[in-house]
Amino acid sequence: MKRLTLFALAITLIATGFAAKTPYQAVLQHSRIRGRTHGPNVCAMQKIQGTDKKYFTNCKQWYHRKICGKPTVVSYECCPGYEKVIGEKGCPAALPLVNIYKTLGVVGATTTKMYSERANLQEEIEGPGSFTFFAPSNEAWAALPTEILDALVSNVNIELLNALHYHMINKRLTSDDLKHGASFPSMYQDFDVHIHHYSNGIVTVNCARLVKTDQHATNGIVHVVDRVITAITNNVNSLIDNDDDLDTLRTAVAAAGLTNLLENEGSYTIFAPTNEAFEKIPPNTLTRILGDPVALKDLLNYHILKNLHCSESIVAGTPLETLQGTVLEVGCDGEEMTINGKAIVTQRDKLGTNGVIHYVNELLIPDSAKTLLELVEGSVVTTASKLFKDAGLTDHLIGFETLTLLAPLNDAFKDKSLAMTPDLKKLLRNHILKEKFSSKSLYHGQELETLGGLKLRVFVFRNSLCIENACIAAHDKNGRYANMFIVDQILAPPMGTVMDVLKADDRFSTLVGAIQRAGLTELLNKKGTYTFFAPTNAAFSAMPPADLNKLMRDPKELANLLRYHIGEEFLVSGAVTSHTRMKPLTGDKLELGTRNSSVYVNRVPVVETDLMATNGVVHAVDVIIKPLPPKIVSDQAEGSTIRRASAVRAGTQVMKNDDLFQKVLRSHSSRTMSRVQ
């Protein structure tokens, strides 16, 4: 018992140790695992092809072999704190423990070492103390504009010393101590440096990525960073106020009442639209939004992320939540930062005390700031958009009415050149609901009134939410005043009972006569929720004439056959999934499924779906439907096989006295086979 207790304690301690790992340490460990076949203390690194950017690898990047959408090359290098020994495998030796000044040379930050000497910092970082030095790489210094570098090394090197002191903290901080959102006073007038430790293992200081970490020294620790950092003194609102390229944004922020938000404490990411971005918007649209405080606030909040994300933290497309409540897909494509898949970021990482600004040259307009007309344009419902405008419904699409638009997908229009007729205009009016609905608030049996005066029914299925025959195919588009449901079909409002639908269609003239002979007219006229797989004239014509005549003279057998084609529940085509089952009025189950966008019932293709009725729905079939043969499953016990066979006979007892019915099915099957041959 004591051993079990000790074992449980050990497991708990191990689990706690793993759970306590920082994201950076987790990525470092994964890189160690991938590099272990190359010797001790070897880490796998992934370098983006065509760049000098290297990353410790995580599981996803390792298998995808891509970072920022670009292929990577794997190299194997010494893990932090170790070096190679000639003639030995891997990196068996620890780096020499020397002072910070010498460590700068050991880790390859030779330019920082040179500037430390020039700025008279050498003595300080060689002497006693416990410092953390975020040392810019040689490439970071080389990337500085010439005029900035000249300014730093002039003025008797005071500016250079101040700049280097801003890269230093007067305490030893390992990567484990660099917590997300932490700030530490630098050695330059105690101005803070800002740390962000992201879940993907990337660590930044003032948005500069740590490319080499935890290089220990006798008097501190060195972390190599990929850019020279500067002191941060202004909040993001001040940064916007002082930039002429953001004049329009500054005016909009004030009009929306967001000034206090951007001045107060926080940790935001702002995708700041430039003046050029606002100028690209049609004047009418821009005037409408700027004059509408609600739409304007939504628009600006859509440009603000809830958390601070430096550009270096993004290595793949990631959905990030905005203050507006929806998400932006923030990603990268090589060196470019992308938003919703578009490379519209023109300037990155302008850091303030309460957030970071990335400049964008396109305005991001959320659905909540759009009219119905703007929601349907440039989407998968452009055909419907054109038809609504051609029908003279534009005023409803751009106005202030609280409506819901049912917009069919482009694929729902088989005839792309529909002529505008009075009937089509009426149908399109019935695609606009009189209230603003959310699909999350719809319920089964609900009735929705249209501009055309109809009341449409809501049907809730296990995997679908449908309004009459049209099932919702995408998330709601919630506009400023009105919403849009994208639906998979053109709406087909019911125009009568199932019997009325059949009578109105010449394809079912034989079926109508059969229904009347079988005494089912009253059933198909009364209130209900029937699904009728209705045989067309072609289905009856496929029967031998003698068998058809005999069937028509036997009302009871005719009723049995027809009732097998009628399901007890209402089911439109959009709600059919693989292995859907339905109980018919007579006989065993009907098995439904889909293949190549077509619906099948008992393996018979439905030639036309969703002829809507007030008491059900009609689906046309060109074949008489017959029960599927029972599935033969091998069973170890003979008795269970006998019991199953008995159950099948009992389940089909209602088809007894059905010699004619079976003959019809056999004859139909043989006719079908002969046509196939």
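Here the sequence shown stands for residues -19 to -1, 1 to 658, numbered as in mature numbering (1 follows the signal peptide of the UniProt record, and there is no 0).
All C-beta atoms, glycine included, are put in the ideal place defined by N, C-alpha and C.
Item                                                                                                : Value
Backbone CA spacing between PHE551 and GLU382 [nearest angstrom]                                    : 33 Å
Top-ranked residue by Cα proximity to LYS35, from VAL482, MET26, THR199                             : MET26
Short Cβ contact (8 Å threshold) for LEU539 with LEU529                                             : no
Limits of the beta strand (DSSP E) - the one that HIS146 falls within                               : HIS146 -> not in any beta strand (DSSP E); alpha helix (DSSP H) instead, spanning 139 to 147.
Within the segment 445 to 527, ranges of the beta strand (DSSP E) (whole runs, at least 3 residues) : 446 to 448, 464 to 468, 511 to 516
Three-way DSSP call (helix, strand, coil) for THR93 in this model                                   : helix
Beta carbon of ASN450 nearer than 8 Å to that of ASP591                                             : yes
Euclidean distance between Cα positions of GLU58 and ALA116                                         : 20 Å
DSSP three-state assignment for VAL557, whether helix, strand or coil                               : coil
8 Å Cβ cutoff met for PRO77 and VAL66                                                               : no
Inter-residue spacing [alpha-carbon to alpha-carbon] between ASN464 and ILE183                      : 40 Å
Residues near GLY555 in its chain [Cβ-Cβ closer than 6 Å; skip 5 each side]                         : SER445, CYS447, CYS452, ASP469
Rounded Cβ spacing between PRO254 and VAL341 (contact assumed at less than 8 Å)                     : 6 Å
Among ASP195, GLY247, LEU267, PRO263, nearest to residue 701 - alpha-carbon criterion               : Nothing about residue 701 can be reported from this structure: the residues present for the chain run from -19 to 658 only.
Check: ASN391 C-beta below 7 Å from any heavy atom of the ligand ZN                                 : Absent from the structure shown: the ligand ZN. Ligands present: none.
Within 8 Å, strictly: CB atoms of THR478 and ASN596                                                 : yes
Buried or exposed by the 16-neighbour rule on C-beta atoms within 10 Å, applied to MET401           : exposed
Beta strand (DSSP E) runs wholly inside the segment 199 to 278, at least 3 long, in chain order     : 201 to 206, 249 to 254
Assumed close pair residue 664, THR385 - CB separation to whole angstroms, cut-off 8 Å              : The shown model of the chain, from -19 to 658, leaves out residue 664, and the question about it has no answer.
DSSP three-state assignment for PHE418, whether helix, strand or coil                               : coil
Reference ASN218; option with closest CA among ASN200, ALA212, LEU239                               : LEU239
Neighbour-count burial assignment, ALA123, 16 or more Cβ in a 10 Å radius                           : exposed
ASN223 versus HIS19 - alpha carbon distance                                                         : 53 Å
LYS436 - containing alpha helix (DSSP H), residue span                                              : Segment 436 to 441 is the beta strand (DSSP E) holding LYS436; no alpha helix (DSSP H) there.
ILE285 and ILE251 closer than 8 Å at C-beta                                                         : yes
Where SER655 sits in the DSSP three-state scheme                                                    : With a pLDDT of 38 at SER655, under the threshold of 50, the predicted position of this residue should be treated as unreliable, and no value is reported.
Residue of PRO526, LYS607, LEU543 minimising C-alpha distance to ARG498                             : LEU543
Three or more C-beta pairs below 8 Å linking the segment 37 to 44 and the segment 168 to 177        : no
Contact belief for VAL192 with VAL205 at Cβ below 8 Å, rounded distance in angstroms                : 5 Å
Beta bridge counterpart(s) of ALA75 as assigned by DSSP                                             : TYR63
Option in LYS41, LYS367, PRO403 with minimal Cα separation from GLY389                              : The amino acid occupying residue 389 in the given sequence is Pro; Gly does not appear at that position. Of the candidates LYS41, LYS367, PRO403, the one whose C-alpha sits nearest the C-alpha of PRO389 is LYS367.
Element boundaries [beta strand (DSSP E), containing ASP173]                                        : 173 to 178
Nearest candidate by alpha-carbon position, reference HIS560, set ARG584, ASN541, GLY568, ALA485    : ARG584
is_contact[THR303, chain B] using C-beta, thresh 8 Å                                                : Here chain B cannot be found, since the structure has a single protein chain.
Residue of THR91, ALA121, GLY89, LYS83 minimising C-alpha distance to ILE106                        : LYS83
Rounded distance between the beta-carbons of GLU355 and LYS323, thought under 8 Å                   : LYS323 to GLU355, Cβ: 18 Å. No contact.
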